[in-house]
Amino acid sequence: MKKLLFVLSILFVGLLAACGDEEEVIKIGATSTPHAEILEEAKPILEEEGIKIEIEEYSDYSLPNLDLNEGTIDANYFQHIPFFEDETTDPDKAYDLVNLGGIHVEPMGIYSKGITSVDEIPEGTEVIISRNVPDHLRILSLFEAEGLITLADDIDETNITEDVIVDNPLNLKFLFGEVSPEFLIEAYNSEENTLVAINTNYAIEGGLSPLEDALFIEGAESNYVNIIAARSEDKDNEELKKIVEVLQSEEIQNFIKENYDGAVVPVGGNN
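According to mature numbering (1 follows the signal peptide of the UniProt record, and there is no 0), the residues represented by the sequence shown are -18 to -1, 1 to 253, in order.
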């Protein structure tokens, strides 16, 4: 009997030790390109720091903040700052999230299947813009920088319509909010003589080279920095801070530069 109790106690202690050795996994939500790819590159570096991550991939922008807020994931990496601010200030959502740090910028580009240069844009051309409201002023500002339109001085960023355009020599027709971001490539492929504003991650996934295929594209000075977000209660979490530190490291920032050839621009934690 004593021998049996001794054996059982040894097994119990071993079981406790095994449970104690089980490594905690941090689940991060990310869109596949480039966010999940960048996280995959960071995985071995993080493991050296004793941090194991699991990447949950998303294609729908509406879900990662919802899942983060509800605790399904521990952090996310998919959104730029204006999108984050729009989501966290929306009274209908009331997401209690924080920005832990900027990693990169994905310059917005304007593409067309049939129009090959800015000089060839016909009068009355339609411009397809996604229903992602925080990108609307960003896209119009890109057209203004290209000299195609002029915008009003005082603009309500939450309610962008064609009314904010005070000069439009080519009478471009901006179609706001008719397509979800993940279907912009489909719109590009199906509409020959339109202009389509496509986020860089979806452009890359769709086989486009932003620097080669875009008619025009944002510069590296864009304010739309992609960030790591977490729940407010985790703002001081050391493991999440270490993840941000690794993503902002020279090694990962060099990976971004070398692998995306300017289509994804690292910010090195400066934003």
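Glycine residues also receive a C-beta, built at the ideal position from the N, C-alpha and C atoms.
Report the rounded CA-to-CA distance for residue i versus residue j, giving the unit in angstroms.
i	j	result
His17	Asp135	35 Å
Lys9	Ile35	6 Å
Ala57	Asp117	22 Å
Cys1	Ala196	Note on Cys1: pLDDT 47, under 50, position unreliable in the model; no value is reported.
residue 287	Val228	Because the chain here runs from -18 to 253, residue 287 falls outside it and cannot be looked at.
Leu21	Ile37	8 Å
Lys(-17)	Asp218	Bear in mind that the predicted position of Lys(-17) carries a pLDDT of just 47, short of 50, making it too unreliable to give a figure here.
Ile167	Glu194	16 Å
Phe60	Gly84	11 Å
Ile(-9)	Thr54	Because the pLDDT at Ile(-9) is just 48, under 50, the model does not fix this residue reliably, and the point stays unresolved.
Phe66	Leu82	12 Å
Val115	Glu30	40 Å
Val247	Pro192	12 Å
Ile234	Ala24	7 Å
Asp78	Val249	25 Å
Glu19	Ser94	27 Å
Asp3	Gly32	With a pLDDT of only 46 at Asp3, under 50, the local geometry of the prediction cannot be trusted, and the value read off the model is given with reservation. Taking the straight line joining both Cα atoms gives about 12 Å.
Leu51	Thr98	The amino acid at residue 51 is misidentified as Leu; the sequence shows Asn. Approximately 43 Å, taken between the alpha carbons.
Asn205	Pro64	9 Å
Ile27	Gly106	51 Å
Ile199	Phe156	17 Å
Starting from residue i, follow its DSSP beta bridges and name the residues at the other end.
i	result
Pro248	His86
Thr132	Asp149
Ala212	Val80
Gly91	Ile180, Ile199
Val115	DSSP output for Val115 lists no bridge partner at all.
Val207	Val87
Can you name the start and end residues of the beta strand (DSSP E) that residue i belongs to?
i	result
Glu38	34 to 40
residue 254	Limits of the chain in this structure are -18 at one end and 253 at the other, which puts residue 254 out of reach.
Lys155	155 to 161
Val109	108 to 112
By the DSSP assignment, the alpha helix (DSSP H) with residue i in it spans what residues?
i	result
Asp49	46 to 52
Ile121	118 to 127
Ala12	Note, Ala12: premise wrong, no alpha helix (DSSP H); beta strand (DSSP E) at 7 to 13.
Tyr184	182 to 187
Ile167	166 to 172
Asn141	Premise fails: Asn141 is in no alpha helix (DSSP H) and is neither H nor E.
Pro104	Careful: Pro104 lies outside any alpha helix (DSSP H) and carries neither H nor E.
Glu240	232 to 242
Leu222	220 to 229
Lys25	19 to 30
What distance in whole Å lies between the Cβ atoms of residue j and residue i, which are believed to be in contact at a cut-off of 8 Å?
i	j	result
Val207	Val87	6 Å
Ile210	Ile225	7 Å
Asp42	Glu187	14 Å between Cβ atoms; not a contact.
Ala212	Ile121	In fact, because the Cβ distance is near 28 Å, the residues do not count as touching under 8 Å.
Glu142	Leu119	Note that residue 142 is Ile in the sequence shown, not Glu. Indeed, because the Cβ distance is near 5 Å, the residues count as touching under 8 Å.
Glu144	Leu133	Not really, about 11 Å apart at Cβ, beyond 8 Å.
Met90	Leu48	So it is not a contact: roughly 24 Å between Cβ atoms.
Could you check whether the Cβ of residue i sits closer than 6 Å to any heavy atom belonging to the ligand ZN?
i	result
Ile92	Absence of the ligand ZN is noted for the structure shown, with no ligands found whatsoever.
TODO: Evaluate contact between the segment 99 to 115 and the segment 145 to 160, counting only Cβ atoms and requiring at least three cross-stretch pairs below 8 Å.
DONE: yes
TODO: Would you check if the segment 64 to 79 and the segment 92 to 104 touch, i.e. whether three or more CB-CB distances between them fall below 8 Å?
DONE: no
Task: Sufficient close CB pairs (3 or more, under 8 Å) joining the segment 167 to 187 to the segment 127 to 147 - done: no
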